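Be aware that the sequence shown starts at 1, since it is given in the UniProt record's numbering, and climbs by one per residue.
C-beta: ideal position from N, C-alpha, C; glycine also.
Only a predicted model underlies this, so the values are computations on that prediction, with no experimental measurement involved.
Here is the structure we will look at.
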Amino acid sequence: MDEFLARLRNFDIQIRKAVNSQMRGSFRSVFKGTGLEFSDLRTYQYGDDVRAIDWNVSSKGHGTFVKVFREEKDQTVFFVVDVSASQQVGPQHRAKLDATKEVCGVLAMSAIREASHVGLYCFSDQKERYIKPSNSMKTGYQLIMSLFKLQPESTRTNLADALLFTLNCLKRRSVVILLSDFIDQGYDHNLKALAKKHDLVVIHLYDQREINLPRLGIIPVHDTESGQTVWLNTSSVSFRKHLRDTFQQNQARLERLCKQFNANYLALDSQEDFVPKLIELFRVRKY
1 MDEFLARLRN FDIQIRKAVN SQMRGSFRSV FKGTGLEFSD LRTYQYGDDV RAIDWNVSSK
61 GHGTFVKVFR EEKDQTVFFV VDVSASQQVG PQHRAKLDAT KEVCGVLAMS AIREASHVGL
121 YCFSDQKERY IKPSNSMKTG YQLIMSLFKL QPESTRTNLA DALLFTLNCL KRRSVVILLS
181 DFIDQGYDHN LKALAKKHDL VVIHLYDQRE INLPRLGIIP VHDTESGQTV WLNTSSVSFR
241 KHLRDTFQQN QARLERLCKQ FNANYLALDS QEDFVPKLIE LFRVRKY
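Dropping the structure here:
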């Protein structure tokens with residue numbers, strides 16, 4: 001646990017230095033909501049969202065005015081984390097789930113400082129862990145400890161049910177950070193509903209073995225979620241192309257879906273240094 005926390009603090013420091021030096025901003029930008037509490041009116045400027053125009057005031061003939069909003073003081077950040085068996089893919093020292101825990105952990109540390117309420121839902125095809133959003137420091141560190149210690153009871157995935165649970169348990173608009181490898185089907189409708197109701201950030205974790213398998217000839221491959229073992233010819237050109245094309249098509253579909261409903265999308269290789277990409281995510285969400 002001490003080693004895990006030390007890594008999180010190191011990532012946290014790296015990101016904070018970049019945020020402070022490059023962006024002159026704060027972590028709050030990644031957790032902000034949109035147009036939440038009316039504050040004031042100002043004159044329309046080129047590039048403003050036309051949806052923010054106050055037509056009642058503008059119709060009086062003194063110019064075009066837009067509404068200015070400020071962030072809610074009680075912002076909620078809710079983490080939805082896939083801990084199914086497909087997340088165990090990768091080298092023994094760093095599976096996708098390890099990277100997922102680190103990314104979630106460092107964002108949670110930031111959220112504890114910057115947001116009023118932080119909560120967590122870990123899922124497979126059932127509820128593995130649920131921490132109700134709370135504004136206490138104790139809850140924040142309980143969340144990080146739960147991530148580190150979690151041993152999932154089920155191997156399967158049901159992303160649609162996890163999204164539905166999130167929709168039902170969050171009654172007010174929140175920042176929802178969804179971390180998964182998205183190896184599932186039938187979740188599109190619930191993802192759209194979540195993106196419409198909340199400020200959604202989708203973090204897609206993957207491993208290079210899901211795109212480019214090593215050339216090992218004909219080998220048995222065990223599916224930990226279904227429990228089945230199949231024999232695959234990893235040297236087959238057509239099989240390798242099909243594997244790569246399937247991943248790229250699914251990734252493009254997910255990214256397109258997020259873009260359509262104004263959700264942030266970030267793809268992370270579980271073996272890469274994720275700090276630069278998180279910094280870029282913060283930069284994008286700041287504006």
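Determine the closest residue to Q271 out of Q14, L97, V50 and R42, with distance taken between C-alpha atoms.
Taking the sequence shown and counting its residues from 1, the one referred to as residue 271 is at position 271. Closest by alpha carbon: L97.
At a threshold of 7 Å, does R42 count as lining the ligand ZN (C-beta to nearest heavy atom)?
The ligand ZN is not part of the structure shown, which contains no ligands of any sort.
Starting from Y44, trace the beta strand (DSSP E) in both directions and tell me its first and last residue.
On the sequence shown, residue 44 is found 44 positions in, with the first residue counted as 1. From DSSP, Y44 is part of no beta strand (DSSP E); its letter is neither H nor E.
Return the residue from the list Q248, F239, A85 and K132 that minimises the CA-CA distance to S154.
Residue mapping note: residue 154 aligns to position 154 of the sequence shown, counting from 1. Of the listed residues, the one whose Cα sits closest to S154 is A85.
State buried or exposed for N10, treating a residue as buried only when at least 16 other CB atoms are found within 10 Å of its CB.
Residue 10 sits at position 10 when you count from the first residue of the sequence shown. Its Cβ having fewer than 16 others within 10 Å, N10 is exposed.
Suppose only complete runs of 4+ residues qualify. What are the alpha helix (DSSP H) ranges in the region 217-260, listed by chain order?
Fully enclosed alpha helix (DSSP H) runs of 4 or longer: 237-260.
Here's the rule: buried if 16 or more other CB atoms are within 10 angstroms of the residue's CB, otherwise exposed. What is V50?
In the sequence shown, residue 50 corresponds to position 50, counting from 1. By the neighbour-count rule (16 or more Cβ atoms within 10 Å), V50 is not buried but exposed.
If we ignore side chains and look at the alpha-carbon of each, how far apart do S238 and Y265 end up?
Within the sequence shown, numbered from 1, the residue matching residue 238 stands at position 238. Within the sequence shown, numbered from 1, the residue matching residue 265 stands at position 265. Approximately 30 Å, taken between the alpha carbons.
DSSP on P276, reduced to helix/strand/coil?
Position 276 of the sequence shown, counted from the first residue, corresponds to residue 276. Helix.
Go through its chain and collect everything with a Cβ distance to P276's Cβ below 7 Å, but skip five positions before and after it.
Looking up residue 276 in the sequence shown gives position 276. No residues qualify anywhere along the chain.
Taking the continuous alpha helix (DSSP H) assigned at Y141, which residues delimit it?
Residue mapping note: residue 141 aligns to position 141 of the sequence shown, counting from 1. Taken as a continuous stretch (DSSP letters only), the alpha helix (DSSP H) holding Y141 covers M137 to K149.
Note down, in chain order, each residue of its chain lying with its Cβ closer than 6 Å to the Cβ of E255, except the 5 sequence neighbours on either side.
Here the question's residue 255 lines up with position 255 in the sequence shown. The answer, listed in chain order, is Y265.
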